[in-house]
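Counted from 1, the sequence shown has number 122 at position 90 by this note's numbering; the numbering is strictly sequential. Note that beta-carbon positions come from the ideal geometry of N, C-alpha and C, so glycine has one too.
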Amino acid sequence: MAHLAMPETLPDGVCIFCAIAAEQADASVVYEDDTAVAFMDLFPVTPGHLLVVPRAHAIDLEDIDPATSAHVWSVGHGLARALRRTGIRCEGINMLVCDGEAASR
Ligand SMILES: [Zn+2]
């Protein structure tokens with residue numbers, strides 16, 4: 033599963049996704065470029081559960097320009113295809129975009 037999820041805020045007020053993107057928080061990063069960062073979910077729903085997030089802070093889709101959104105989706109697409117080539121049992125892949133806190137529950 034690869035999805036764009038709501039960032040949580042650390043006790044010091046820093047967004048956890050921004051902290052990961054800035055290498056200020058631990059994460060198992062599987063991909064990164066100038067626009068997006070992908071890492072293993074800390075609480076995976078299933079083996080291979082990845083989060084793909086924009087490097088620039090965003091709370092919801094209103095904060096992301098279409099080019100960034102397309103790029104994040106493209107990274108997720110590539111990682112989903114790569115996941116099929118790993119040894120992880122994978123009969124299917126969900127790609128999910130959570131826009132807004134209610135969508136992340
Ligand atoms: Zn952030």
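Open item on the list: Please classify Arg113 as buried or exposed, where buried requires at least 16 other C-beta atoms within 10 Å of its C-beta.
Closed with: Exposed, by the Cβ-count rule.
TODO: My understanding is that Ala46 touches Val69, with C-beta atoms under 8 angstroms, so please give their C-beta distance in whole angstroms.
DONE: Looking at the sequence itself, residue 46 is Val, so the reference to Ala does not match. Taking 8 angstroms as the upper bound for CB-CB distance, Val46 and Val69 are not in contact here, some 15 angstroms apart.
- [ ] Measure the C-alpha to C-alpha separation of Ile147 and His89 and round it to an integer number of angstroms.
- [x] Lying before the first or after the last residue shown, residue 147 is absent from the chain, which here runs from 33 to 137.
Open item on the list: Please list the terminal residues of the continuous alpha helix (DSSP H) segment that includes Phe49.
Closed with: Here the alpha helix (DSSP H) through Phe49 covers Ile48 to Ala53.
- [ ] Identify whether Glu133 lies in helix, strand or coil by the three-state DSSP scheme.
- [x] Correct three-state label for Glu133: helix.
Open item on the list: Closer than 7 angstroms to a non-hydrogen atom of ligand 1 - does that hold for the CB of Phe49?
Closed with: For ligand 1, at least one heavy atom lies less than 7 angstroms from the Cβ of Phe49.
Task: Check: His81 C-beta below 7 angstroms from any heavy atom of ligand 1 - done: The answer is no for His81.
Task: Length of the line joining the Cα atoms of Met127 and Asp44 - done: Cα-Cα distance, rounded: 31 angstroms.
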